[in-house]
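J.:
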Amino acid sequence: MTQQNGDPPTDEMREETAAPRRRLVFILVPAAFAVLAAVLAWQLLTGTPDKIPSALIDKSIPQFDLQPIPGWDKGLASADIERGGVSLVNVFASWCGPCRVEHPLLMDIAAQDLLPIWGLNYKDQPKDAASWLQQLGDPFTQIGSDLSGRVGINWGVYGVPETFVIDGQGRIVYKHIGVLTRRDWDEKLLPLIENLGG
Amino acid sequence: MRLTALAVAVLILALVLHAPGAVHAFSADEALDDPAQETRALKLHDELRCPVCQGQAISDSNAELARDLRRIVRERIAAGDSDDAVFDYLTDRYSDFILLRPRVKPANYVLWFGPVLVFVAGAGGLWFFIVRRRKRGAESAPAPLSEDERNQVESMSRDDVG
Chain A
1 MTQQNGDPPT
11 DEMREETAAP
21 RRRLVFILVP
31 AAFAVLAAVL
41 AWQLLTGTPD
51 KIPSALIDKS
61 IPQFDLQPIP
71 GWDKGLASAD
81 IERGGVSLVN
91 VFASWCGPCR
101 VEHPLLMDIA
111 AQDLLPIWGL
121 NYKDQPKDAA
131 SWLQQLGDPF
141 TQIGSDLSGR
151 VGINWGVYGV
161 PETFVIDGQG
171 RIVYKHIGVL
181 TRRDWDEKLL
191 PLIENLGG
Chain B
1001 MRLTALAVAV
1011 LILALVLHAP
1021 GAVHAFSADE
1031 ALDDPAQETR
1041 ALKLHDELRC
1051 PVCQGQAISD
1061 SNAELARDLR
1071 RIVRERIAAG
1081 DSDDAVFDYL
1091 TDRYSDFILL
1101 RPRVKPANYV
1111 LWFGPVLVFV
1121 AGAGGLWFFI
1131 VRRRKRGAES
1141 APAPLSEDER
1151 NQVESMSRDD
1161 VG
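As you go down the protein sequences, you meet chains A and B in turn.
Going by this note's numbering, the first residue of the first sequence is number 1, and it counts up by one from there.
Going by this note's numbering, the first residue of the second sequence is number 1001, and it counts up by one from there.
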């Protein structure tokens, strides 16, 4: 078949020009799909949906003033924390099993006298909290009794235990959700605290 | 066989009794006096996610925190907050996570408009494909015969007949 000027392009000619573009589409579309699927799978498999990101990171601590647990002479107010330099705020309750698990670590940190540990006793019966602390020891510098849980909500607490790291300016720099393990302390919190100059 | 039918019936009955609508009955909340405000509060309760049992709205959850949050929503409304102000109050504490319906803001544009974009791109691609195919179909039809060619064909067919 001979070609002459002005002839409409033959099928073969058209196939030749269309082929590379079509091949590109056949590569790009599945590639885009694969990337999307990989991202979603990654999120699905490695995400921690039970850990809600805190809205309070880098914000000043919420203002509050709480009564002490009966038998303790001081309660806890936001002013105490703001004056206390780099510190930890630990949300705990006697009814909370995991709190018992992390308690020895808090005792240990308190014994090192590194920084104040403020206790937020969340929705607890004050007398239960008192006997819990008498039995297991009290690692806290001061404890506020959050009977209604309202202060906890202002801190974005949704489960105990939770532990916040506060910098020297009274800002929340880190929130740990769930049991604080020795490893969490060594690898995350302690380096952070040393960084803050605590 | 009859036993299976019975089991199925029991299962269906159990599911019906546990239907989501029935859950509301458990929450012994104190309603607001103003019915219009209470209606708003109940609507917002459906829009807020319980941070503890995350698949559920706070209206559906029996978690203690969900109950506290329901009460807070009522308080804010009674204090004169708009719906958006209530949402702000809670996202300030629990981040956007607490909203079951993500807000339309730049960080969520992909979420909101992504599907529309994918649909438009797909529909556009399909349209392009069909148009091109149709055009090619028209082009590959043989060119009309010239005068000479037509005569030739006619003479040939006459030959055949003859």
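Where is the CB? At the ideal position from N, CA and C, for every residue including glycine.
So which residues on chain A does Pro1051 of chain B lean against when the C-beta distance must stay under 7 Å?
T.: Chain A residues near Pro1051 of chain B: Ile52, Tyr158.
J.: Report the rounded CA-to-CA distance for Phe1128 of chain B versus Ile27 of chain A, giving the unit in angstroms.
T.: Answer to the nearest angstrom: the Cα atoms are 18 Å apart.
J.: Give me the subset of the segment 1046-1071 of chain B whose CB atoms are less than 8 Å from a CB atom of chain A, sorted by chain position.
T.: Per Cβ criterion, the list reads Pro1051, Val1052, Gln1054, Glu1064, Leu1065, Asp1068, Leu1069.
J.: Is the segment 116-128 of chain A close to the segment 141-154 of chain A, with three or more CB pairs under 8 Å?
T.: Cβ pair count under 8 Å is three or more, so yes.
J.: Leaving aside the five residues before and after Ala55 of chain A along the sequence, list all residues of the same chain whose C-beta is less than 8 Å from its C-beta, in chain order.
T.: Excluding residues within five positions, the ones whose Cβ falls inside 8 Å are Gly156.
J.: Using a Cβ cut-off of 7 Å, which residues of the segment 1086-1110 of chain B contact any Cβ in chain A, in chain order?
T.: Residues Thr1091, Asp1092, Arg1093, Tyr1094, Ser1095, Phe1097.
J.: Tell me the rounded alpha-carbon separation between Ser1155 of chain B and Asp1148 of chain B.
T.: The straight-line gap from Cα to Cα measures roughly 11 Å.
J.: Going by DSSP, name the residue or residues bridged to Cys122 of chain A.
T.: A small correction: the amino acid at residue 122 of chain A is Tyr; Cys does not occupy that position in the sequence shown. Answer is A:Asp146, bridged to Tyr122 of chain A.
J.: Leaving out five residues on either side along the sequence, give the residues of the same chain with a beta carbon under 6 Å from the beta carbon of Asn154 of chain A.
T.: Excluding residues within five positions, the ones whose Cβ falls inside 6 Å are Pro62.
J.: Express the C-alpha separation of Asp1084 of chain B and Thr1039 of chain B in angstroms, rounding to a whole number.
T.: One C-alpha to the other measures close to 16 Å.
J.: How big is the Cα-Cα spacing for Cys1053 of chain B and Ala37 of chain A?
T.: Approximately 27 Å, taken between the alpha carbons.
J.: Using the beta-carbon of each residue, which ones in chain B are nearer than 9 Å to Gly47 of chain A?
T.: Simply none; closest approach about 12 Å.
J.: Could you tell me whether any Cβ in chain B is nearer than 8 Å to the Cβ of Val153 of chain A?
T.: A small correction: the amino acid at residue 153 of chain A is Ile; Val does not occupy that position in the sequence shown. Yes - at least one Cβ of chain B is within 8 Å of the one on Ile153 of chain A.
J.: Hey, could you find the ends of the beta strand (DSSP E) Ile81 of chain A is sitting in?
T.: Not the beta strand (DSSP E): Ile81 of chain A falls in the alpha helix (DSSP H), residues 78-83.
J.: What does DSSP give as the partner residues of Thr163 of chain A in its beta bridges?
T.: Looking at the DSSP assignment, Thr163 of chain A forms a beta bridge with A:Asn90, A:His176.
J.: By DSSP's criteria, Ala1138 of chain B is part of a beta bridge. Which residues make up the other side?
T.: According to DSSP, Ala1138 of chain B bridges with nothing at all.
J.: For chain B, is any of its Cβ atoms less than 8 Å away from the one on Gln3 of chain A?
T.: For Gln3 of chain A, the pLDDT reaches just 46, beneath the cut-off of 50, and the residue's location in the model is therefore unreliable, leaving the point undetermined.
J.: I'd like to know if Gly149 of chain A contacts chain B, where contact means its C-beta is closer than 8 Å to some C-beta of that chain.
T.: Output row for Gly149 of chain A: interface = yes.
J.: Which of the three DSSP states, helix, strand or coil, is assigned to Leu1048 of chain B?
T.: Note: Leu1048 of chain B maps to strand in three-state DSSP.
J.: Ala1123 of chain B to Phe1113 of chain B, Cα distance in whole Å?
T.: Cα to Cα, the separation comes out at about 15 Å.
J.: Count the other CB atoms within 10 Å of the CB of Val29 of chain A; is the residue buried (16 or more) or exposed (fewer)?
T.: Looking at its Cβ environment, which holds fewer than 16 other Cβ atoms inside 10 Å, Val29 of chain A is exposed.
J.: Taking C-beta pairs closer than 7 Å, name the residues in chain B that Ala55 of chain A reaches, listed in chain order.
T.: Neighbours of Ala55 of chain A on chain B, chain order: Thr1091, Asp1092, Arg1093, Tyr1094, Ser1095.
J.: Based on Cα-Cα distance, which residue from B:Ala1143, B:Ala1121, B:Arg1133, B:Glu1030 lies nearest to Leu1069 of chain B?
T.: Residue B:Glu1030 is the option with its Cα nearest to Leu1069 of chain B.
J.: Under the three-state reduction of DSSP, which class applies to Ser60 of chain A: helix, strand or coil?
T.: Strand at Ser60 of chain A.
J.: DSSP three-state call for Thr2 of chain A: helix, strand or coil?
T.: For Thr2 of chain A, the predicted structure reports a pLDDT of 45, less than 50, and the residue's modelled location is therefore unreliable. A value from the coordinates is still provided. It is coil, neither helix nor strand.
J.: Hey, which unbroken runs of the beta strand (DSSP E) at 3 residues or more fall wholly within the segment 1084-1148 of chain B?
T.: Those beta strand (DSSP E) runs which fall completely within the segment 1084-1148 of chain B and span 3+ residues do not exist here.
J.: Decide if Trp185 of chain A is buried, meaning its Cβ has at least 16 other Cβ atoms within 10 Å, or exposed.
T.: Looking at its Cβ environment, which holds 16 or more other Cβ atoms inside 10 Å, Trp185 of chain A is buried.
J.: Of all the options A:Arg182, A:Ala79, A:Arg100, which has the alpha carbon lying nearest to the alpha carbon of Gly168 of chain A?
T.: Minimum Cα distance to Gly168 of chain A is reached at A:Ala79.
J.: Per DSSP, what are the beta-bridge partners of Ala1036 of chain B in this structure?
T.: Answer is none; Ala1036 of chain B lacks a bridge partner.
J.: So what does DSSP say about Leu66 of chain A, is it helix, strand or coil?
T.: In this structure, Leu66 of chain A counts as strand in the three-state DSSP scheme.
J.: Candidates B:Arg1133, B:Thr1091, B:Asp1046, B:Phe1097: which alpha carbon is nearest Asp1060 of chain B's?
T.: It is B:Asp1046 whose Cα lies nearest to the Cα of Asp1060 of chain B.
J.: Please classify Ile1058 of chain B: does DSSP put it in a helix, a strand, or coil?
T.: Note: Ile1058 of chain B maps to coil in three-state DSSP.
J.: Check this for me: beta carbons of Ala130 of chain A and Gly71 of chain A, under 8 Å apart or not?
T.: Going by C-beta atoms, Ala130 of chain A is nearer than 8 Å to Gly71 of chain A.
J.: Tell me Arg171 of chain A's beta-bridge partners as DSSP assigns them.
T.: According to DSSP, which records beta bridges pairwise, Arg171 of chain A is partnered with A:Ser60.
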